[in-house]
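Novice: Structure below; questions to follow.
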Amino acid sequence: MRHLLAIVFLTFIQVLGSAQESDWPDRSRLPIELSPFEGELGNTYKQSQPDWPQPVKAPEDAPNVIVILLDDVGFGQTSTFGGLIPTPNLDKLASEGLKFNRFHTTAICGPSRAALLTGRNHHECGNGFLMEWATGYPNYSTMLPKTTATIGEVLKGNGYNTWWYGKNHNTPDWETTVAGPFDRWPTGMGFEYFYGFNAGETHQYYPVIFENTTPVEPDKTPEEGYHFMSDMTDKAIARMKFSKSVAPEKPFFMYFAPGAMHAPHHVTAEWREPFKGKFDMGWEKYRELVYQNQLEMGIIPDGTELTPRPDWVPAWDSLNDEQKKVYAALFENFAGYFAFTDHEVGRLLDAVKDLPDAKNTLVMYIVGDNGASSEGGPDGTLNEIKNLNGLPTELDDVLKNLDKLGGPESEPHYPVGWAWAGNTPFQWVKQVASHLGGTRNPMVVSWPAKIEHDSKPRDAFLHLVDVVPTILDAAGVPMPESVNGVDQEPLAGKSFLDSFNNPDFEGRSEQYFEVLSNRSIYEEGWKANAQHTRPWRQDLAPGNWDKDQWELYNLEKDFSEANDLASKMPEKLAEMKRKFDAAAEKHDVYPLDDRGAARLATPKPPVPGADEDSSTYTYYPGATRIAEPAAPPMKNRSWTLTANIKTKEESTEGVIMGFGGVAAGITLYLDKGVPVFDYNFFEEHTVLKGQSPVPVGDATIEVDFDYQGAEGEVGKGAKIALKINGETVAMGEMEATVAARFGIDTFGIGEDSGQPVTDAYQAPFKFSAQIETVVIELE
C-alpha cells in the first residue's frame, strides 16, 4: 500500500511538473523568461544532465509581417484605386490579395502612426496632434506612454525580429539629441533596428538619417544619384535577406514607412518627364475620369455621387496660362515621385518573393496616413516650409524657379486644387478629420498562404487601431496584460483577420475622429461632421467652436458624403453630437485646439537634463544633428554668437555653425579665411561678409543679432553686426525673420550637415581648423 501511494504521489508530481512546463511561454506578460531548466543536477557533472535555456520563439507558422505605410496619399491617386497615376507594383500586389475601400486614418501623419503602432486611439497615447505642434497636455504632448506598448515591443517579446525603416514621427524632437532619452525612439519602442528620420518629413537628397540612435550621413551626393527612398529600400532588402540567411525559421516584422508621398516631392526629371502634359485637363476633369474609373472597377458602389467642387478650389478654366503651367508642373512632379516610389516599393516586394517562406509573409500596404495634402497652398510652392510657417508663396516666385522643380534646391508641393482632386470622390483633404477626404485611405493586403485573391474590394469599416489586433491574431500572439512591468491599456481596435476569407465581414460599428478641431463621429452607418480649420492657412485659428456647422450623412446609402441630412434630421444630428462629446470625453480628446503656426511657435520642453533657466549655450566641435526644438531658441529675440577658433593659415574655411537648410536657416562660415554670416529667410538671403581673412592663430568671431520686434511680436526684422576680435567688419538689416521653424534640418557645430543653408558651399563643408567653443547668449 505504501509503495502504491508513493507511485501515485510521484505520478502527481510529474503531471504537475508537466503542467507547469506546458505553461511556458506565458505570453500574457512581457518580457518572457527563458525556458525552465528540465535537466538534472547532481553533485558533479557526471551525475547531471544539461539542458540549455531556450529563448522565446514565435508561435508555430507565425508569418513574417510587413506593414508599408505611405504618406499623404489621396483615395483617388493610385491606378489601383482608379487614380491617374500608374502604380503597377501596387496593382500587382492587389491582384494577388485584397483591396479594402473603407479603411480609415486620423487625417494627419503622427497621430495616424501612433494609432497604427499601438492599436490605441491617437489621443489615448498622447498623440492628439504632431510633435512640432505639441502642447503641455497629456493627450497632445506626443510623449507615448509606457501603458501603450507598440506592436514592435509585443512581437519582439514573442520571438520576432523587428525593424523600422523610414519615417518616425512619434519621438518628440526635443528628445532626439545625443542626450536622449531613447525610450521613445524606435529602438526604445521594441524595434531592434531603425534606419530613418525623426520628423514629419525629410529632404530626400539631404536626409537627416539615424541608424538606431546614431546620426549617419548618405554615402554619396545628390549629383552622384543619392535619394533616401532608394537608400532605405536597399537597407530593408539587405537586412531581410541577411536575417533569413542566418535564421530562416524566425519571422520578422518590418515597418516600412517612406517619406513619400509627403512633401518635399523630390524626384529626377527621368521620372517626371513621362507625365508631361498628362494633367493639362485640370482638376475637375481629373476627378470625373477617376470617378468613372472607380465605378467601373467597383472601388466605389453604384450610385455613389461625385461631390461638387467647393468654393476654396477655383475652376480650372478660370485660371490664366501661368497658373495652369505652374499647377500642372507641380502635379507632374508629384506623379513622377509617386511612380518612383512605386518602383522602389516594388523592389522590396520582389525581394520578399525570394525568401524561403515568401508565401507565409503577410503584407499590409496602407496607401497613405491621411488624405491628399493641401499644405502647398492655393498656388503650390517650391518652399513648403514657408507655407507651414503661415507665409503664402507667390506664384511668380514659383514660376521663375520652375527649373529647380524636384531637385535638391527645391521643396515642392502642389496646390490645393490637386489635393481636392486626389481625394476623389470625397470632400476635403488632409488635416480635415471631419470628412472622408482626410481620413479614408486605400489598403491592400496580401498573404499567399492564407488569402485567395478577390477582385471585389472588402468594404468593412476599418481604422488604423484595428491593425495591431489583426497582426497579433495572425501571429497567434495575445496582447500582453503587462509589458516591462507596466500594466497595459486595452486595445481600442479589433481584429479584421476574418475579413481575409469572409467578404461580408462588417468591421467597426463606431469610431471618432478629431484633428485641429475638425471632428466627426461614426456609428452604425451614420456619420456627423464638423469642419473647422483650413489646412493651408496655418496662420488662422478660427475659435468659435460653437458656431461650427455640423453635417449628417448616412454612409450606407451615401458612400462619398454627398448628401447632408442635417436639416432634414435635426434630432439624429443632435444625438450624434452627443455621441461625439461622449467619445471625446472617453478618449481624452479635450481640450480642442485649432492653432496652427501659433502652436508651432510655442516653446517646447528643453532637452532633458539641460539647464532650463540658462540663457547661455556652449557647444564644442562635434555637436551636430541637434533637432530644432533642442537647439538654442534663436527666433523672435536678440542673441549673440561668439566663436572661439584657432587657425594655422589664412585660407582656413568651413562652417562654424549651421542651423536649418534649403528652406530657411542661418550659417556662419569662413570662405578662404573670410567670415560670412548668411540668414536664409525662405530663400531670401541676408549676407554679411568681412573684408579680409581672420588673423592666423587664436581669433574670436562674433555675430550680434538685434531683434527689432517688441516682446511677444514674432517674425519681425533685425539688425546684425559681424565682428572679428571685437571689431565690426560688416553690418546688415532684415525686414522680417523666421517666426516658427527653419524647417526639417538640424543645428550643428563645425559643419552644415544635411541640407546646405546656402549654395555658396557644398555641404557639409566641415571646418578645416580648430573650434574651441561656440557660445550663444540669448536676451
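Counting from 1, one number per residue, gives the positions in the sequence shown under UniProt numbering.
Backbone N, C-alpha and C define an ideal beta-carbon position, used for all residues, glycine too.
1. With a 10 Å radius around its C-beta and 16 neighbouring C-beta atoms as the bar for buried, classify Ala315 as buried or exposed.
2. CB Phe256 to CB Val67, shorter than 8 Å?
3. Can you have a look at Lys285 and say buried or exposed, based on whether 16 or more other CB atoms are within 10 angstroms of its CB?
4. When you compare the CB positions of Gly438 and Trp428, do they come within less than 8 Å of one another, or not?
5. Buried or exposed: Gly126, going by 16 or more other Cβ atoms within 10 Å of its Cβ?
6. Per DSSP, Lys527 forms a beta bridge with which residues?
7. So, Gly407 versus His265, is the Cβ gap smaller than 8 Å?
8. Under 8 Å, with one C-beta from each stretch per pair, do the stretch 150 to 163 and the stretch 466 to 480 reach the 3-pair mark?
9. What's the C-alpha gap between Lys99 and Gly200?
10. Which of helix, strand or coil does DSSP assign to Val363?
11. Buried or exposed for Ala710, going by 16 or more other Cβ atoms inside 10 Å?
12. Taking the alpha carbon of Thr213 as the point to measure from, which residue in Gly225, Tyr679, Phe197 and Tyr226 has its own alpha carbon closest?
13. Using the Cβ count rule (16 or more neighbours within 10 Å means buried), how would you classify His453?
14. Count Cβ pairs between the stretch 637 to 657 and the stretch 766 to 773 that sit closer than 8 Å; are there 3 or more?
15. Starting from Arg272, trace the beta strand (DSSP E) in both directions and tell me its first and last residue.
16. Measuring CB atoms only, is the stretch 217 to 224 touching the stretch 324 to 334, in the sense that at least three cross pairs come out at less than 8 Å?
17. Going straight from the alpha carbon of His463 to that of Gly110, what length do you get?
18. Enumerate in chain order the residues of its own chain whose CB-to-CB distance from Asp704 is below 6 Å, with the five nearest sequence positions on each side excluded.
19. Just checking, does the stretch 381 to 391 make contact with the stretch 538 to 558 on the three C-beta pairs under 8 Å criterion?
20. Thinking Glu489 and Glu510 are a contact (beta carbons under 8 Å), I'd like their distance in whole angstroms, please.
21. If distances are taken between C-alpha atoms only, which option among Gly660, Lys648, Ser245 and Gly658 comes closest to Gly694?
22. Please state whether DSSP places Asn387 in a helix, a strand or coil.
23. Throw me the rounded Cβ distance for the Trp119 and Val468 pair, which I believe falls under 8 Å.
24. For the beta strand (DSSP E) containing Pro215, list its first residue and its last residue.
25. For the alpha helix (DSSP H) that contains Asp91, what are its first and last residues?
26. In this structure, does DSSP put Ala699 in helix, strand or coil?
27. Looking at the secondary structure, which residues open and close the alpha helix (DSSP H) in which Phe682 lies?
28. So for Pro138, helix, strand or coil by DSSP?
29. What is the residue span of the beta strand (DSSP E) that Ser446 lies within?
30. Taking buried to mean at least 16 other C-beta atoms within 10 Å of its own C-beta, is Pro620 buried or exposed?
31. What are the uninterrupted segments assigned as beta strand (DSSP E) that are 3 or more residues long and contained completely in the stretch 430 to 497, given in chain order?
32. Nearest-angstrom Cα distance between Glu777 and Ile724?
33. Which residues mark the beginning and the end of the alpha helix (DSSP H) in which Lys244 is found?
34. State buried or exposed for Glu21, treating a residue as buried only when at least 16 other CB atoms are found within 10 Å of its CB.
35. Measure from the alpha carbon of Ala433 to the alpha carbon of each residue in Ser517, Asp564, Leu348 and Lys586, then state which is nearest.
36. Report, in whole angstroms, the separation of the C-beta atoms of Lys241 and Ala351, which I expect to be a contact under 8 Å.
Specialist: Per the coordinate set shown:
1. What you label residue 315 is simply residue 315 of the sequence shown in a count that begins at 1. If you draw a 10 Å sphere on the C-beta of Ala315, you find fewer than 16 other C-beta atoms in it, and that means exposed.
2. For this step, residue 256 is matched to residue 256 along the sequence shown. For this step, residue 67 is matched to residue 67 along the sequence shown. Closer than 8 Å, so yes.
3. As a working mapping, residue 285 is identified with position 285 in the sequence shown. Taking all protein chains in view, the Cβ of Lys285 is surrounded by fewer than 16 other Cβ atoms within 10 Å, so the residue is classified as exposed.
4. Locating residue 438 in the sequence shown gives position 438, counting from the first residue. Locating residue 428 in the sequence shown gives position 428, counting from the first residue. Yes, Cβ-Cβ distance for Gly438 and Trp428 is below 8 Å.
5. For this step, residue 126 is matched to residue 126 along the sequence shown. Buried, since its Cβ has 16 or more Cβ neighbours within 10 Å.
6. Taking the sequence shown and counting its residues from 1, the one referred to as residue 527 is at position 527. Residue pairing by DSSP places Lys527 opposite Tyr522 and Tyr553 in a beta bridge.
7. As a working note, residue 407 is residue 407 in the sequence shown. As a working note, residue 265 is residue 265 in the sequence shown. The answer is no: Cβ separation not under 8 Å.
8. Here the stretch 150 to 163 makes contact with the stretch 466 to 480; the two share three or more CB pairs at distances below 8 Å.
9. The count along the sequence shown starts at 1 and reaches residue 99 at position 99. The count along the sequence shown starts at 1 and reaches residue 200 at position 200. The straight-line gap from Cα to Cα measures roughly 27 Å.
10. Numbered from 1 along the sequence shown, position 363 holds the residue referred to as residue 363. Three-state result, Val363: strand.
11. The count along the sequence shown starts at 1 and reaches residue 710 at position 710. By the 10 Å Cβ count, Ala710 comes out exposed.
12. Numbered from its first residue, the sequence shown carries residue 213 at position 213. Phe197 is the residue among Gly225, Tyr679, Phe197 and Tyr226 whose C-alpha sits nearest the C-alpha of Thr213.
13. Start at 1 with the first residue of the sequence shown, and residue 453 comes out as number 453. Burial call: exposed.
14. Yes: the two stretches touch, three or more of their Cβ pairs being nearer than 8 Å.
15. Reading the sequence shown from its first residue, position 272 is the one you call residue 272. From DSSP, Arg272 is part of no beta strand (DSSP E) but of the alpha helix (DSSP H) over Ala269 to Arg272.
16. Three or more Cβ pairs closer than 8 Å define a contact, and the stretch 217 to 224 falls short of that threshold against the stretch 324 to 334.
17. Indexing the sequence shown from 1 puts residue 463 at position 463. Indexing the sequence shown from 1 puts residue 110 at position 110. A straight-line Cα-Cα distance of about 15 Å links His463 and Gly110.
18. Within the sequence shown, the letter at position 704 stands for residue 704. Its chain contains Thr640 and Ala721 as the residues whose beta carbon lies nearer than 6 Å to that of Asp704, once the 5 sequence neighbours on both sides are disregarded; these appear in chain order.
19. By the Cβ criterion, the stretch 381 to 391 is in contact with the stretch 538 to 558, since at least three pairs of Cβ atoms, one from each stretch, lie closer than 8 Å.
20. Position 489 of the sequence shown, counted from the first residue, corresponds to residue 489. Position 510 of the sequence shown, counted from the first residue, corresponds to residue 510. Rounded to the nearest angstrom, the Cβ distance from Glu489 to Glu510 is 18 Å, too far for a contact under 8 Å.
21. Along the sequence shown, read from residue 1 onward, the residue named residue 694 stands at position 694. Before going on, a small fix: residue 694 reads as Val here, not Gly. Cα-wise, what sits closest to Val694 is Lys648.
22. For the purposes of this step, residue 387 is taken as the residue at position 387 of the sequence shown. DSSP places Asn387 in helix when its eight states are reduced to three.
23. Position 119 of the sequence shown, counted from the first residue, corresponds to residue 119. Position 468 of the sequence shown, counted from the first residue, corresponds to residue 468. Note on identity: in this sequence residue 119 is Gly, with Trp being the wrong assignment. Between Val468 and Gly119 the Cβ distance is about 3 Å, and since that is below 8 Å, they are a contact.
24. Residue numbering aside, residue 215 sits at position 215 when the sequence shown is read from its first letter. Looking at the DSSP string, the run of the beta strand (DSSP E) that includes Pro215 is Thr214 to Val216.
25. For the purposes of this step, residue 91 is taken as the residue at position 91 of the sequence shown. Secondary structure note for Asp91: its alpha helix (DSSP H) is the uninterrupted segment Pro88 to Glu96.
26. Counted from its first residue, the sequence shown places residue 699 at position 699. Three-state result, Ala699: strand.
27. Position 682 of the sequence shown, counted from the first residue, corresponds to residue 682. Membership of Phe682 in any alpha helix (DSSP H) is not indicated, and neither H nor E is assigned to it by DSSP.
28. Residue 138 sits at position 138 when you count from the first residue of the sequence shown. DSSP places Pro138 in coil when its eight states are reduced to three.
29. Residue numbering aside, residue 446 sits at position 446 when the sequence shown is read from its first letter. Counting along the chain, the unbroken beta strand (DSSP E) around Ser446 starts and ends at Arg440 to Ser446.
30. Residue mapping note: residue 620 aligns to position 620 of the sequence shown, counting from 1. One point to set straight first is that residue 620 is Tyr, not Pro, in the sequence displayed. Taking all protein chains in view, the Cβ of Tyr620 is surrounded by fewer than 16 other Cβ atoms within 10 Å, so the residue is classified as exposed.
31. Listed in chain order, they are 440 to 446.
32. One-based indexing of the sequence shown puts residue 777 at position 777. One-based indexing of the sequence shown puts residue 724 at position 724. Cα to Cα, the separation comes out at about 17 Å.
33. Numbered from 1 along the sequence shown, position 244 holds the residue referred to as residue 244. Looking at the DSSP string, the run of the alpha helix (DSSP H) that includes Lys244 is Phe228 to Val246.
34. Taking the first residue of the sequence shown as 1, we reach residue 21 at position 21. Any reading at Glu21 must be qualified, since the residue scores a pLDDT of 45, below 50, and its modelled position is unreliable; no value is offered.
35. The sequence position of residue 433 within the sequence shown is 433, counting from 1. Nearest option by C-alpha distance: Ser517.
36. In the sequence shown, residue 241 corresponds to position 241, counting from 1. In the sequence shown, residue 351 corresponds to position 351, counting from 1. A Cβ-Cβ separation of about 7 Å places Lys241 in contact with Ala351 under the 8 Å criterion.
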